[in-house]
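A quick write-up on the structure given underneath.
Right, dumping it as structure tokens:
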């Protein structure tokens, strides 16, 4: 929690998959919020700090509701939610049924259709990115296994080779889905983007290796009048001019305070 004494607005910032609130792009967003005169809260998803408390999924909005309703946040006049990648998807899911004081939602580099995005990241050309994600996810699950137990052994966790397999073997059974396909069908915000109840800013990188533009197209065709779409030069959660993108994002948030 980074509080500005004179601020009347706060931005809750949510990290991406296999990341945490300490990631550089999250810290940069905090700095941009501070420069714009906002307080901010960097929110760790369940187990993200590798503390072994639990794991998270792309639709687990309960924790975001809890953060918004916490006394520290409720003291502000205006609340805004901002998320990167999987955190951006989570923010959009939340924006379907937001709390009363929340004025806007910002999603940067989010997958909208989880099934399509999973097929892309599990492709041959994305091996380096996929292994980066799986390494972080295994660390979170391993910590949970050591602290509280998990339905898979550490050996079984170590053999997982794709994001779909992770969702099939870890996420789906842990959260009561029938499998990865059921998880994607119930959780993906893509088919419902036309129902977003908040003013929403969507930002994507034109060279994003992890979220392909072709996989976004069917969802983007459904955007409503409350949603603003921006494309910026850059890759996944990092842009050619990240400082400008984040400053422009904070200006957009200010316009909706």
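Residue numbers (this note's numbering): 27 to 283. For every residue, glycine included, the Cβ atom is placed at its ideal position computed from N, Cα and C.
When you compare the CB positions of residue i and residue j, do they come within less than 9 Å of one another, or not?
i: residue 37; j: residue 65; result: yes
i: residue 108; j: residue 89; result: no
i: residue 134; j: residue 263; result: yes
i: residue 289; j: residue 35; result: Summary: the structure shown does not reach residue 289, with the chain confined to residues 27 through 283, and so no result is reported for it.
i: residue 46; j: residue 76; result: yes
i: residue 144; j: residue 104; result: no
i: residue 227; j: residue 256; result: yes
i: residue 158; j: residue 110; result: no
i: residue 72; j: residue 106; result: no
i: residue 187; j: residue 160; result: yes
i: residue 232; j: residue 258; result: yes
i: residue 113; j: residue 136; result: yes
i: residue 237; j: residue 83; result: no
i: residue 48; j: residue 67; result: no
i: residue 139; j: residue 216; result: yes
i: residue 167; j: residue 183; result: yes
i: residue 254; j: residue 235; result: no
i: residue 200; j: residue 176; result: yes
i: residue 102; j: residue 127; result: yes
Am I right that residue i and residue j are in contact with their C-beta atoms under 8 Å? What's the rounded C-beta distance?
i: residue 170; j: residue 80; result: 6 Å
i: residue 78; j: residue 213; result: At roughly 24 Å, the Cβ-Cβ gap does not stay under 8 Å, so residue 78 and residue 213 are not in contact.
i: residue 210; j: residue 141; result: 4 Å
i: residue 162; j: residue 44; result: 3 Å
In terms of DSSP beta bridges, what is residue i paired with?
i: residue 133; result: 109, 228
i: residue 68; result: 39
i: residue 257; result: 230
i: residue 318; result: Residue 318 is absent from the model: the chain starts at 27 and stops at 283.
i: residue 104; result: 35
i: residue 28; result: 66
For a test of your reading of the model: does the CB of residue i fall under 8 Å from any non-hydrogen atom of the ligand COA? Yes or no.
i: residue 235; result: You won't find the ligand COA in this model; it holds no ligand whatsoever.
Worksheet item: Can we say the segment 259 to 276 touches the segment 57 to 64, given the rule of at least three CB pairs closer than 8 Å?
Response: yes
Worksheet item: Which runs of the beta strand (DSSP E) fall wholly inside the segment 122 to 206 and span at least 3 residues, in chain order?
Response: 128 to 134
Discussion item. Check whether the segment 118 to 132 and the segment 209 to 225 are in contact - that is, three or more C-beta pairs closer than 8 Å.
Written reply: yes
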